[in-house]
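Trainee: Chains as they are written, first to last, in my numbering: chain A, 81 to 153; chain B, -7 to 245. Positions of the beta carbon are idealized from the N, C-alpha and C atoms, including for glycine.
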Amino acid sequence: MAKGTILIDEDRCKGCELCTTVCPFDLVHIANHFNAKGYRPSTLVDPEGKCTGCTLCARMCPDVAITVYREGG
Amino acid sequence: MEKKAGFAKPEALTDALTHYCPGCTHGIIHRLIAEVIDELGIREITIGIAPVGCAVLAYNYFNLDFAEAAHGRAPAMATGLKRVQPDKVVFTYQGDGDLAAIGTAEIVHAASRGENITTIFINNAIYGMTGGQMAPTTLPGQVTTSTPFGRDVKLAGHPLRVAELIATTSGAAYVVRRMVTKPATIASAKKAIKLAFQAQRAELGFSLVEILSSCPTNWGLSPLEALEWVEENMASYYPLGDYKVIDEVKSLK
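Okay, here's the thing in structure tokens:
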């Protein structure tokens, strides 16, 4: 299985949650803290390294807050 | 561990943060257009026309040449820009209050003349920027600030189906309706936007992609509920589909 990860630009995020329902492994959640705009941003919770870099979360994001990386491309 | 970006901001978008409400699908559609422009390599020759409405500031978000039209007049402005600079790619980005209300004459005649331009039409069944009043596309029975008991079609008339209307014009080459509610429908919308731009580059005539969009703030729903509302309520009145695809466009696929 391909390995990947995502980087969420917290201060771009508006906490809309659209990214949280599409992850096949349910790895994207809303954080408990607030960002500079006062929204609770989404965050990657992936202690077991399950993210494959499938990009579904990033494709749902209306604010281009998510960059997806894949190991070795 | 070497990592390559699998997904990042397209070059045709600026770094600016949008003023759109959380979960508004304008942001998704902006990104799709920018991705298509990057993929076609036309960023330096593309001119966008911003509407009046929530997307009035779109020129701040696209890393392209942009013009701002008076309310509803984007197709008229696009006509002029395209006719004097036929080598450019010209598109309008218009909402339903702009295109289907005050700008109905402009869009119908631009399509009828077969102007070689592309229109991305955002239908969210409400006036967003002005505070959630009834739009021509508001569904029967839908509650808005100006129809607090729901749209009564006997009083306020019936919603306008724009893609079907434009598809009847002889000048239109490519007219489709899509939505952006989940990754699969977003991918389908992107393909349609790409084909619309390709049709323009091949000088095949007018192209319009209508996209069912959400307005969580004025619908009074959460962003996720709003996407469900699009699928459950809007998609039945405004069926997705290809309403006019001339043979020359089909052969572009």
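Tell me, which residues are paired with HIS109/A by DSSP?
Mentor: In DSSP, HIS109/A forms a bridge with THR123/A.
Trainee: Taking all protein chains shown into account, decide if LYS146/B is buried (16 or more other Cβ within 10 angstroms of its Cβ) or exposed.
Mentor: So LYS146/B ends up on the exposed side.
Trainee: Find the residues of chain A that neighbour PHE189/B, judging by a C-beta separation of less than 7 Å, and give them in chain order.
Mentor: Within chain A, no residue comes near PHE189/B; the closest Cβ sits about 19 Å away, beyond 7 Å.
Trainee: According to DSSP, simplified to helix, strand and coil, what is CYS131/A?
Mentor: Coil.
Trainee: So if DSSP puts LYS236/B in a beta bridge, which residue, or which two residues, is it bridged to?
Mentor: The partner list for LYS236/B (beta bridge, DSSP) reads VAL167/B.
Trainee: Do you know whose CA, among ALA66/B, LYS242/B and PRO78/B, lies nearest ASP88/B's CA?
Mentor: It is ALA66/B.
Trainee: Would you grab the beta carbon distance between GLU224/B and LEU196/B for me? Rounded to a whole angstrom, and I think it's under 8 Å.
Mentor: With a Cβ gap of about 35 Å, GLU224/B and LEU196/B do not count as contacting.
Trainee: Where are the alpha helix (DSSP H) runs, 4 residues long or more, that stay fully inside the region 178 to 237 of chain B, in chain order?
Mentor: If we require 4 residues or more, the alpha helix (DSSP H) runs fully inside the region 178 to 237 of chain B come out as 208 to 211 and 215 to 221.
Trainee: Closer than 9 Å, Cβ to Cβ, to anything on chain B: give me those residues from the region 98 to 125 of chain A, in chain order.
Mentor: If the cut-off is 9 Å between Cβ atoms, the region 98 to 125 of chain A has LEU98, THR100, THR101, VAL102, LYS117 and TYR119 near chain B.
Trainee: Does the beta carbon of PRO142/A sit closer than 9 Å to a beta carbon anywhere in chain B?
Mentor: Yes, its Cβ sits closer than 9 Å to a Cβ of chain B.
Trainee: What are the partner residues of GLY87/B, as DSSP defines its beta bridges?
Mentor: Paired residue(s): ILE114/B.
Trainee: Alpha carbon to alpha carbon, how far is HIS63/B from PRO104/A?
Mentor: Roughly 42 Å separates the two Cα atoms.
Trainee: Tell me, please, whether the CB atom of THR10/B is closer than 9 Å to any CB atom in chain A?
Mentor: Chain A, which has a Cβ nearer than 9 Å to the Cβ of THR10/B, makes this yes.
Trainee: Can you list, in chain order, the residues of its chain with a C-beta nearer than 7 Å to that of TYR119/B? Leave out the 5 residues immediately preceding and following it.
Mentor: Excluding sequence neighbours, TYR119/B sits near GLY89, GLN125 and ALA127.
Trainee: Pull up the distance between the alpha-carbon of THR35/B and that of ARG120/A, whole angstroms please.
Mentor: It is worth fixing the name first, because residue 35/B is Arg in this sequence and not Thr. Using only the alpha carbons, I get a separation of about 34 Å.
Trainee: In whole angstroms, what separates the C-alpha of TYR229/B from that of HIS101/B?
Mentor: Answer to the nearest angstrom: the Cα atoms are 25 Å apart.
Trainee: Note down, one range per segment and in chain order, each beta strand (DSSP E) of at least 3 residues found wholly within the region 98 to 143 of chain B.
Mentor: Counting only runs of 3 or more, we get 110 to 115.
Trainee: With DSSP collapsed to three states, give me the class of LEU147/B.
Mentor: Of the three classes helix, strand and coil, the one that applies to LEU147/B here is helix, per DSSP.
Trainee: Report the partner residues of THR100/A according to the DSSP bridge assignment.
Mentor: Note: THR100/A sits in no beta bridge, so no partner.
Trainee: Among the candidates PRO43/B, ALA26/B and ALA8/B, whose CA atom is the shortest distance from the CA of GLY95/B?
Mentor: Residue PRO43/B is the option with its Cα nearest to GLY95/B.
Trainee: Taking the straight line between their C-alpha atoms, what separation do you get for PHE113/B and PHE114/A?
Mentor: Near 34 Å, if we compare the C-alpha coordinates of PHE114/A and PHE113/B.
Trainee: At 8 Å on the CB atoms, spell out the chain B contacts of LYS94/A, in chain order.
Mentor: Near LYS94/A (Cβ distances below 8 Å), the residues of chain B are CYS13, PRO14 and GLY15.
Trainee: Give me whichever residues DSSP pairs with ALA59/B in a beta bridge.
Mentor: In DSSP, ALA59/B forms a bridge with ILE41/B.
Trainee: Which residues of chain A have a Cβ atom closer than 8 Å to the Cβ of ALA54/B, listed in chain order?
Mentor: Correcting the residue identity first, residue 54/B is Phe in this sequence and not Ala. Under the 8 Å cutoff, chain A gives no residues; its nearest Cβ is about 12 Å from PHE54/B.
Trainee: Give a yes or no on contact between the region -5 to 5 of chain B and the region 155 to 165 of chain B, applying the rule of three or more CB pairs nearer than 8 Å.
Mentor: They do not touch, by the three-pair rule.
Trainee: Under a CB-based cut-off of 9 Å, is PHE(-1)/B close to chain A?
Mentor: Output row for PHE(-1)/B: interface = yes.
Trainee: If we count the other Cβ atoms within 10 Å of its Cβ and call it buried at 16 or more, is VAL154/B buried or exposed?
Mentor: Buried, by the Cβ-count rule.
Trainee: Does any CB atom of chain B fall closer than 9 Å to the CB of GLY129/A?
Mentor: Chain B contact via Cβ: absent.
Trainee: Does the structure place the region 16 to 25 of chain B close enough to the region 68 to 77 of chain B that three or more beta carbon pairs sit under 8 Å?
Mentor: The region 68 to 77 of chain B is not in contact with the region 16 to 25 of chain B.
Trainee: Roughly how many angstroms lie between the CA atoms of ALA111/A and ALA0/B, to the nearest whole one?
Mentor: Whole-angstrom Cα-Cα distance: 22 Å.
Trainee: List the residues of chain A that LEU5/B touches, going by C-beta distances under 9 Å, in chain order.
Mentor: VAL144, listed in chain order.
Trainee: Write down the C-beta distance between TYR85/B and ILE41/B rounded to the nearest angstrom, noting that I regard them as a contact closer than 8 Å.
Mentor: The Cβ separation is near 7 Å, so the contact holds.
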